[in-house]
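In what follows, a single structure is set out as structure tokens and then discussed.
Chains as they are written, first to last, in this note's numbering: chain X, 2 to 589; chain V, 404 to 675.
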């Protein structure tokens, strides 16, 4: 198990060359990158590609049609449109480069420092950023043009500063998301300075969204730059796409086609930049998006092989349950033929390590598999009715009323925006159809029953005002509020402190006996199993390897895997004996 | 420095605003020894570990490491052996930077402390991986390619890179599966016996602490309520809170757990 290196073949995302490679395998990304690469190469090698200098005039070729040396014809002053387009690429890209460099360097640097150090620095920088964002950039650019003259470089530099807040906000938020990760602490313990942590760890992790932003900003800056030049605010002596557009526009009634070429150049370049950004974003989001189900192999719906009725006194019988999730290569089974029997009034422990399929089995019973998950075959007989793949509407009628659920993380299962009282009474009003006053009465009784010292205060509290242990008691109260026959508890005490765990287990045990509920308890903790379960099913790799009575299981485990797990339990070890060493030179 | 004591906390206090999270902590760790620090959430055990590491605040008091006071000094300003104090954190999924190769992760402390150049540090990677029983080709992979237990081994290898005299372990096996947990604990013991490193082992799990510790300190509400030999604290506790903690942890045996549960209940009733 230890040697198994997981997901060896998964596409590399965090790898340095991996991101680039995976974008080039995306058709959209490949097209965008190729077009962009071509434009950049044309810009760099402009003197080699252009047949004429950009300012070469041939007076008899004013507004000439294509041909006779002028590949795309002549412009309003008799210059070669093709050559000007090639040199225009160079000047337009230089302008975009200035904007992108200024805005990204200023924005990312300030965002990194503001996010990492926080405090007053962040407040001051955010003021500056908000101030810049509130200025209308086009008007600022026009004002600067008036006072600083016609240089498009200065305009683009100013525009870069105007766009810096976008980078600042993005970077600061990303940094706030990762700066408390443990690897930052580990780097500090290793003795790295803040600067090296910022550059070596934080910038490395957040670089992808910043690259996306750079691509988008480059597109915007080309559009704005061309717009300024089209308005005649650029240096007319330098060939640019925007300037060509203006010239062609002036001669539009003479040569309508001339306007097409600079327009095409601008559109293709900007579109490539935006598509490239999209390709990167698609790649980044791919990891947590389930594969589209329509592409999946068709399910062969197997009729239940065993249709004989379940035995007397059995509330739930799971037969050969198979649960799968769609993957590129087909269905991946996470539960591979599980059979379980739960009698009325019994507590069944479902034990296993992570990845054993214990939670997926429980979720299949609740009809709450994650997106894409399906019961591929098998049956779940609940009170003499097969509820496997029951329509969601029918399942909803069962859940809450007859099958209840207690989750692992109490806090994330309470809505922070609503008072606890509302979250308790709402399901009762919906499921049981009782009045609000009645539900309130019942909720207060339940809160007292689950051990709340002051039920009314808890009823009126918001989730953040109570502790994790109290929140779990509230969820237990909610689960039992409709007198369910079956309670499914998924690691209900794992997130709790050990003394709170003991109390919550006591509560569960008392409630189970009092209401004669059947309980399925999913857990990895054999102590919890010994404490509360009557019978135990041990799961490994999606299968049940052993089902046994609880005393039998601990006294005489049958399966080797159970023996191995019990052997790993740390109870009853002999404490280590300290061998004094000298304080110096201890490390080998 | 008597009895080979390498860490000595003397009246350490920490305040977070109005909260008094460490109250007059006095604690010693000897060379080659494991001191378990056990307590529930909010007891201050992690805060104490971070104070010793230099990444958490100390309001007053002294922390002596091999004689020099390191309280409040950040790791990068620490000198000599104090600079080598290392950490293994709880969550193996966030304690390794996802964008760095294992080799970069393992060489980072060596290069940061200027103990060796990049080439020399890279040469050490194989030995480090070997110490934690990982294959040497792991060096060129990324953290996501490894399971939780393997990642924790990588984190241990990183902690060993500077040959420290003390490693602060903050819940290093809490996120691991039962069988993996046992193997990683064995690895901790094996490394200690071989290199003589001392551990301050922070955990909420009394069974884990009992398994690895020579001495155990029990924390509650920012105070150490009991500190003594492992067997005495974990089997015959003097303080009522330690008894409560011990009896609350369910034991993997239905008969004995029923007894323990009754005793826990009796204790709770008795305290009322």
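Cβ coordinates follow ideal geometry from the N, Cα and C atoms, glycine included. Small disclaimer: the values here were computed from a predicted structure and weren't measured.
Helix, strand or coil at residue i according to DSSP, with G and I counted as helix
{"i": "residue 486 (chain X)", "result": "coil"}
{"i": "residue 517 (chain X)", "result": "coil"}
{"i": "residue 434 (chain V)", "result": "coil"}
{"i": "residue 412 (chain V)", "result": "strand"}
{"i": "residue 1 (chain X)", "result": "Outside the shown range of chain X (2 to 589) lies residue 1 (chain X), about which nothing can therefore be said."}
{"i": "residue 33 (chain X)", "result": "helix"}
{"i": "residue 496 (chain X)", "result": "coil"}
{"i": "residue 553 (chain V)", "result": "helix"}
{"i": "residue 359 (chain X)", "result": "helix"}
{"i": "residue 96 (chain X)", "result": "helix"}
{"i": "residue 376 (chain X)", "result": "strand"}
{"i": "residue 349 (chain X)", "result": "strand"}
{"i": "residue 312 (chain X)", "result": "coil"}
{"i": "residue 590 (chain X)", "result": "An answer regarding residue 590 (chain X) cannot be provided, because it is not within the stretch 2 to 589 covered by chain X."}
{"i": "residue 453 (chain X)", "result": "coil"}
{"i": "residue 458 (chain V)", "result": "coil"}
{"i": "residue 428 (chain V)", "result": "strand"}
{"i": "residue 516 (chain V)", "result": "coil"}
{"i": "residue 393 (chain X)", "result": "helix"}
{"i": "residue 633 (chain V)", "result": "helix"}
{"i": "residue 404 (chain V)", "result": "Residue confidence for residue 404 (chain V) is low, a pLDDT of 45 falling below 50, so the modelled location carries little weight and cannot support an answer."}
{"i": "residue 668 (chain V)", "result": "helix"}
{"i": "residue 321 (chain X)", "result": "strand"}
Residue i versus residue j - alpha carbon distance
{"i": "residue 530 (chain V)", "j": "residue 198 (chain X)", "result": "26 angstroms"}
{"i": "residue 322 (chain X)", "j": "residue 537 (chain X)", "result": "17 angstroms"}
{"i": "residue 425 (chain V)", "j": "residue 625 (chain V)", "result": "4 angstroms"}
{"i": "residue 528 (chain V)", "j": "residue 515 (chain V)", "result": "15 angstroms"}
{"i": "residue 98 (chain X)", "j": "residue 104 (chain X)", "result": "10 angstroms"}
{"i": "residue 633 (chain X)", "j": "residue 111 (chain X)", "result": "Since the displayed chain X opens at 2 and closes at 589, residue 633 (chain X) lies outside it and no answer follows."}
{"i": "residue 95 (chain X)", "j": "residue 203 (chain X)", "result": "29 angstroms"}
{"i": "residue 539 (chain V)", "j": "residue 550 (chain V)", "result": "16 angstroms"}
{"i": "residue 26 (chain X)", "j": "residue 556 (chain X)", "result": "57 angstroms"}
{"i": "residue 608 (chain V)", "j": "residue 576 (chain V)", "result": "10 angstroms"}
{"i": "residue 22 (chain X)", "j": "residue 327 (chain X)", "result": "25 angstroms"}
{"i": "residue 414 (chain V)", "j": "residue 420 (chain X)", "result": "43 angstroms"}
{"i": "residue 59 (chain X)", "j": "residue 79 (chain X)", "result": "5 angstroms"}
{"i": "residue 150 (chain X)", "j": "residue 226 (chain X)", "result": "15 angstroms"}
{"i": "residue 505 (chain X)", "j": "residue 325 (chain X)", "result": "33 angstroms"}
{"i": "residue 470 (chain V)", "j": "residue 510 (chain X)", "result": "53 angstroms"}
{"i": "residue 38 (chain X)", "j": "residue 339 (chain X)", "result": "55 angstroms"}
{"i": "residue 367 (chain X)", "j": "residue 396 (chain X)", "result": "8 angstroms"}
{"i": "residue 634 (chain V)", "j": "residue 437 (chain X)", "result": "56 angstroms"}
{"i": "residue 639 (chain V)", "j": "residue 488 (chain V)", "result": "32 angstroms"}
{"i": "residue 107 (chain X)", "j": "residue 100 (chain X)", "result": "11 angstroms"}
{"i": "residue 292 (chain X)", "j": "residue 410 (chain X)", "result": "At residue 292 (chain X), the pLDDT of 46 sits below 50, so the modelled position is not reliable; the number obtained from the coordinates is stated separately. C-alpha separation (whole angstroms): 27 angstroms."}
{"i": "residue 267 (chain X)", "j": "residue 547 (chain V)", "result": "41 angstroms"}
Whole-Å CB distance - residue i paired with residue j, under 8 angstroms assumed
{"i": "residue 73 (chain X)", "j": "residue 83 (chain X)", "result": "5 angstroms"}
{"i": "residue 442 (chain V)", "j": "residue 623 (chain V)", "result": "6 angstroms"}
{"i": "residue 582 (chain V)", "j": "residue 354 (chain X)", "result": "7 angstroms"}
{"i": "residue 579 (chain X)", "j": "residue 411 (chain V)", "result": "Contact doesn't hold; Cβ gap of about 17 angstroms is too wide."}
Item to check | Any 3 or more C-beta pairs closer than 8 angstroms across the segment 496-504 of chain V and the segment 177-186 of chain X | outcome: Contact check between the segment 496-504 of chain V and the segment 177-186 of chain X: three or more CB pairs, one atom from each, fall below 8 angstroms, which counts as touching.
Next on the checklist: Check whether the segment 232-240 of chain X and the segment 204-223 of chain X touch, using three or more Cβ-Cβ pairs below 8 angstroms as the test.
Outcome noted: With a cut-off of 8 angstroms, the segment 204-223 of chain X and the segment 232-240 of chain X do not count as touching, because too few Cβ pairs lie within range.
Checklist entry - Would the segment 548-555 of chain X and the segment 520-539 of chain X be scored as touching if the rule is three or more Cβ pairs under 8 angstroms? => result They touch, by the three-pair rule.
Next on the checklist: Residues of the segment 646-658 of chain V in Cβ contact with chain X at a cutoff of 9 angstroms, in chain order, please.
Outcome noted: Taking 9 angstroms as the Cβ-Cβ cut-off against chain X, the residues of the segment 646-658 of chain V that qualify are 647, 648, 650, 651, 652, 653, 654, 655, 656, 657 and 658.
Item to check | Interface positions of the segment 339-355 of chain X facing chain V (Cβ-Cβ less than 8 angstroms), listed along the chain | outcome: Listed by position, the residues of the segment 339-355 of chain X near chain V (Cβ gap below 8 angstroms) are 354 and 355.
Item to check | Residues within the segment 559-583 of chain X neighbouring chain V, beta-carbon criterion of under 9 angstroms | outcome: Per Cβ criterion, the list reads 565, 566, 567, 568, 569, 570, 571, 572, 573, 574, 575, 576, 577, 578, 579, 580, 581, 582 and 583.
Item to check | Residues in the segment 422-437 of chain V having any Cβ partner in chain X nearer than 8 angstroms | outcome: Contact residues of the segment 422-437 of chain V toward chain X are 433, 434, 435, 436 and 437 (C-beta to C-beta distance below 8 angstroms).
Next on the checklist: Which residues of the segment 444-462 of chain V have a Cβ closer than 7 angstroms to any Cβ of chain X? Give them in chain order.
Outcome noted: Within the segment 444-462 of chain V, the residues whose Cβ lies closer than 7 angstroms to some Cβ of chain X are 444, 456 and 458, listed in chain order.
Checklist entry - Going along the chain, which residues of the segment 491-507 of chain V sit with their C-beta nearer than 8 angstroms to a C-beta in chain X? => result From the segment 491-507 of chain V, only 492, 493, 494, 497, 498, 499, 500, 501, 502 and 503 have a Cβ closer than 8 angstroms to chain X.
Checklist entry - Between the segment 517-526 of chain V and the segment 460-467 of chain V, do at least 3 Cβ pairs fall closer than 8 angstroms? => result No, the segment 517-526 of chain V is not in contact with the segment 460-467 of chain V.
Next on the checklist: Counting only Cβ-Cβ distances shorter than 8 angstroms, please list the residues of the segment 85-107 of chain X near chain V, keeping chain order.
Outcome noted: Taking 8 angstroms as the Cβ-Cβ cut-off against chain V, none of the residues of the segment 85-107 of chain X qualify.
Item to check | Cβ contact (3+ pairs, closer than 8 angstroms) linking the segment 595-603 of chain V and the segment 568-585 of chain V | outcome: As far as the Cβ criterion goes, the segment 595-603 of chain V touches the segment 568-585 of chain V, which means the pair count is three or higher.
Checklist entry - Does the segment 346-364 of chain X come close enough to the segment 417-435 of chain X to have 3 or more Cβ pairs within less than 8 angstroms? => result Short answer: they don't touch.
Checklist entry - Are three or more beta carbon pairs between the segment 160-170 of chain X and the segment 136-143 of chain X nearer than 8 angstroms? => result The segment 160-170 of chain X vs the segment 136-143 of chain X: in contact.
Next on the checklist: Short of 9 angstroms Cβ to Cβ, which residues in the segment 188-215 of chain X face chain V?
Outcome noted: So the list reads 188, 189, 190, 191, 192, 193, 194, 195, 197, 201, 202, 205, 206 and 208, given in the order they occur along the chain.
Next on the checklist: Three or more C-beta pairs under 8 angstroms: does that hold for the segment 464-484 of chain X against the segment 508-524 of chain X?
Outcome noted: Contact between the segment 464-484 of chain X and the segment 508-524 of chain X is present, with at least three C-beta pairs closer than 8 angstroms.
Item to check | Members of the segment 454-477 of chain X that neighbour chain V once the beta carbon cut-off is set at 9 angstroms | outcome: Taking 9 angstroms as the cut-off between beta carbons, the residues of the segment 454-477 of chain X near chain V are 469, in sequence order.
Item to check | Within 9 angstroms of chain V by C-beta, residues of the segment 224-238 of chain X in sequence order | outcome: Among the residues of the segment 224-238 of chain X, none has a Cβ less than 9 angstroms away from any Cβ of chain V.
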